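Undergrad: After the structure tokens below, expect a handful of questions from me.
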Amino acid sequence: MATIAPGRTLPFDWYSDPAVLRLERERIFRRAWQYAGRTGQVAEPGAFFTCDAGGLPIVVVRGKDDGLRAFLNVCRHRGSLVCEGEGRRETLQCPYHAWTYDLDGSLRAAPRTDREPGFDRSDLGLWPVAVDAWGPFVFVNPDADAPPLAAHLGELPELVAAAGLDLGSLRFLERSQSAYEANWKVCCENYLECYHCQVAHPGFSKVVDVSVDAYVLEQSETFSTQYGPVREAWKGAFDPRGPIGRGQFHFLWPNLTINIMPGHPNLSIGPVVPAAPERTTRFLDYFVGPDVDEAWLRDMLEFDAQVGAEDTVLVERVQRGLRGGGLEHGRLLPESERLIADFQSRVVEALA
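Using my numbering, the first residue of the sequence shown is number 22, and each one after it goes up by one.
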């Protein structure tokens, strides 16, 4: 794979080449911690939910012993998905041929295998993946021998707490889902800079000070952070005043966004998931403090949705330009887009 010259972007064909996406899934997503869902979805024994870890189907389950486990959601027989959606079960049964797994992943029963000489169930359990939680957030890693989640998070939990958020007191509000006709890296890179905000997000820029001297970019070992203070003379339908004094926008490698809007206790969290070379899916789980005013909450969600709608137009416009093939690469601004440069360097290092 190529290296990046200073100030240059990744090669533009990396944003549409199926071979690059195959490498990314193998060398990035199969080795990384990724947000899967909420502990509230698996609060009781037998509860499960499914998710996508960079193209790999995963099922997260609460065992009868109250242990949290995760498995590749693929039957060891002929590869059918075992579970879909979320719910509660005594066992995990494949709907194709009724191969049945206990909640610890072991193969409990497989019809007619008693007629097959030498059939050994003990080596045919669901394939385990690493799973852990940070507060109400469940993470999975397809690498069962991955370093602990806490090591990957680093000081991120402390930064979120310093914003004035007690994760234990937050209540889940809703999940928002979206899809983009754009490569997953385009979506991540759009998130990693506010250079475009003054032009493309006029409503956001009336509330948050996006000027170069006020809007702060920081890099850490596994994540980056953007801090957006509230404008002194803010305008707009969204009232940013409250105990959360400034916006905090975190990106945890390789694909997780965590957003804290200024105002009252709130947090949204969700992954950027590659669905195809030029298609990306996302979801955001919204959490709020226990006593947040419903009118304020409605205004904040409308404000956030408007920014999201504007970003959809932006990333899809970029993808159409990249697809054209007229240029081999683009140019990055070393200061305003340094979080993108860091992200692209991580991609190159992972694929090398």
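Glycine included, C-beta positions come from ideal geometry on N, C-alpha and C. Note that the coordinates shown come from a computational prediction; the quantities given were computed from them, not determined experimentally.
Can you list, in chain order, the residues of its chain with a C-beta nearer than 8 Å to that of F324? Leave out the 5 residues immediately preceding and following it.
TA: Excluding sequence neighbours, F324 sits near G224, F225, V228, G257, A258, F259 and M282.
Undergrad: Looking only at its chain, what residues have a beta carbon closer than 7 Å to the beta carbon of C96, apart from the 5 residues adjacent to it on each side?
TA: If we look at C96 and ignore the five residues flanking it on each side, its Cβ neighbours are V103, C115, Y117 and W120.
Undergrad: Across which residues does DSSP place P250 in a beta bridge pair?
TA: BP columns for P250 point to R267.
Undergrad: If G310 sits next to F244, beta carbons under 8 Å apart, how far is it from one beta carbon to the other, in whole angstroms?
TA: Contact flag wrong, Cβ pair sits at about 23 Å.
Undergrad: Using CA atoms only, rank isn't needed, just tell me which of G75, D73 and E111 is closest to R83.
TA: Residue E111 is the option with its Cα nearest to R83.
Undergrad: Pull up the CB-CB distance for D153 and L170, whole angstroms please, since I reckon it's below 8 Å.
TA: The pair is a contact, with the Cβ atoms about 4 Å apart (cut-off 8 Å).
Undergrad: Decide if E358 is buried, meaning its Cβ has at least 16 other Cβ atoms within 10 Å, or exposed.
TA: Counting Cβ neighbours within 10 Å, E358 comes out buried, since at least 16 surround it.
Undergrad: Might you give, ordered along the chain, the residues of its own chain that have their beta carbon closer than 6 Å to the beta carbon of E239, omitting 5 neighbours on each side?
TA: So the qualifying residues of the chain are T246.
Undergrad: Does the Cβ of K85 have 16 or more other Cβ atoms within 10 Å, making it buried, or fewer, making it exposed?
TA: Classification of K85: exposed, given that the 10 Å Cβ count is below 16.
Undergrad: Taking only three categories from DSSP, how would you classify P39?
TA: DSSP places P39 in helix when its eight states are reduced to three.
Undergrad: Give a yes or no on whether the minimum CB-CB distance between G139 and chain C is below 9 Å.
TA: Going by chain labels, chain C is absent from the structure shown, which holds only one protein chain.
Undergrad: Using only the alpha-carbon positions, how far apart do L113 and A130 sit?
TA: Taking the straight line from one Cα to the other gives about 11 Å.
Undergrad: Among the residues of its own chain, which have a CB less than 7 Å from the CB of A184, if the five just before and after it don't count?
TA: For A184, where only same-chain residues beyond five positions count, the Cβ hits under 7 Å are I265, Q269 and I281.
Undergrad: To the nearest angstrom, how far is it from the Cα of R52 to the Cα of P78?
TA: Each residue's Cα considered, the two are about 14 Å apart.
Undergrad: For the structure I just gave you, are there three or more beta carbon pairs, one from the region 197-206 and one from the region 304-322, closer than 8 Å?
TA: The answer is yes - the region 304-322 touches the region 197-206, with three or more Cβ pairs under 8 Å.
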